[in-house]
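S.K.: Residue numbers (the numbering used here): 2 to 67. Following this message is one structure expressed as structure tokens.
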């Protein structure tokens, strides 16, 4: 138990280490959330653009008859 307490105390630097770790975790989680939301918005915009554009033939289908 004493080893765990010594680790959590971080040699007296715990008041600096733990808040900075918490802030970094919050920032990284926020960046992940923003990135995922941006990805979903981009995917939705892509689906909308694909739905609005005329259907195109694929290369494999176009070249299959030749």
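A virtual CB, placed ideally from N, CA and C, is assigned to each residue, including glycine. Bear in mind the structure is a predicted one, so any value in this text is a computation, not a measurement.
#1: List the whole-angstrom C-beta distance separating residue 9 from residue 15, where the pair is believed to meet the contact cut-off of C-beta under 8 Å.
#2: If you scan the stretch 3 to 34 from start to end, which runs of the alpha helix (DSSP H) of 4 or more residues do you find wholly inside it?
#3: Report the rounded CA-to-CA distance for residue 50 versus residue 44, giving the unit in angstroms.
#4: What's the C-alpha gap between residue 12 and residue 39?
#5: Could you check the C-alpha separation between residue 48 and residue 60 for me, to the nearest Å?
M.R.: Answer, in terms of the structure:
#1: For this step, residue 9 is matched to residue 8 along the chain shown. For this step, residue 15 is matched to residue 14 along the chain shown. Correct: roughly 6 Å between the Cβ atoms.
#2: Complete alpha helix (DSSP H) runs here, min 4: 3 to 10.
#3: On the chain shown, residue 50 is found 49 positions in, with the first residue counted as 1. On the chain shown, residue 44 is found 43 positions in, with the first residue counted as 1. Taking the straight line joining both Cα atoms gives about 10 Å.
#4: Position 11 of the chain shown, counting from 1, holds the residue named residue 12. Position 38 of the chain shown, counting from 1, holds the residue named residue 39. Approximately 41 Å between the Cα atoms of the pair.
#5: For the purposes of this step, residue 48 is taken as the residue at position 47 of the chain shown. For the purposes of this step, residue 60 is taken as the residue at position 59 of the chain shown. If you take the alpha carbons of residue 48 and residue 60, they lie about 20 Å apart.
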